[in-house]
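Engineer: For what it's worth, the working numbering labels the leading residue of the sequence shown as 9, then goes sequentially.
Glycine included, each C-beta is placed from N, C-alpha and C at the ideal position.
Treat the numbers as computed from the prediction; the structure is a model and nothing was measured.
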Amino acid sequence: MPIVFVPPQLKSLTGGVETVEVNGANVRAVVAGLDERFPGVRDWLCQGDELRPGLNVSVDGRISSLGLYQKVQPQDEVHFIPAIGGG
9 MPIVFVPPQL KSLTGGVETV EVNGANVRAV VAGLDERFPG VRDWLCQGDE LRPGLNVSVD
69 GRISSLGLYQ KVQPQDEVHF IPAIGGG
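1. Determine the DSSP secondary structure at residue 58, reduced to helix, strand or coil.
2. Would you check if the distance between the CB atom of residue 46 and the CB atom of residue 22 is smaller than 8 Å?
3. Closest to residue 81 by CA distance: which of 31, 59 and 18 is it?
4. Whole-angstrom Cβ separation of residue 59 and residue 75, contact assumed at under 8 Å?
5. Apart from the five residues just before and just after residue 89, which ones in its own chain have a Cβ nearer than 8 Å to its Cβ?
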């Protein structure tokens, strides 16, 4: 199962858990699995049917432009990363 690294901002919803194994073939399914286990996670990660603006997802070390549609393999690591602004 893919391993999700919980961002610090979500640890209050996960009871401090830092990594979670969640079954899913794409990021959308992974988010659904997270939300089933830790209610409220989806609301923090998503806006409608997309990732929240300013939030990126990295699957197995690669930032994805596909967002929730990005495929996930059983051995992948999934990270949700707030975008960094600056000038």
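Structural biologist: Let me lay it out:
1. strand
2. yes
3. 31
4. 5 Å
5. 15, 63, 64, 65, 66 and 71
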